[in-house]
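Quick notes on the structure that follows.
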Amino acid sequence: MNKDKILYREEQQLKMYLMADQQKREYQTVILAALLGNVGKQWLKGAKYDGT
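Here it is as structure tokens:
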């Protein structure tokens with residue numbers, strides 16, 4: 578194994594890991610939004626306008 582191949586393989590593994598991590602976070606955000614539902618929407622609206 579030469580150095581370039583090893584570095585390339587490690588880089589690919591890191592990219593895969595980061596992509597999976599990002600997908601997991603997006604998935605959790607979707608679940609959280611679904612759980613909050615209308616309450617979450619009302620709260621977000623309230624938070625936006627509550628600038629006093």
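Position in the sequence shown counted from 1, then plus 577, gives you our numbering.
C-beta atoms are modelled at their ideal positions from N, C-alpha and C, and glycine is treated no differently.
Computed from a prediction, not measured in an experiment: that's the story for all the values here.
Determine the direct distance from the alpha carbon of residue j to that of residue i, and round the result to whole angstroms.
i, j, result
"residue 616", "residue 608", "14 Å"
"residue 620", "residue 610", "11 Å"
"residue 592", "residue 584", "12 Å"
"residue 599", "residue 622", "26 Å"
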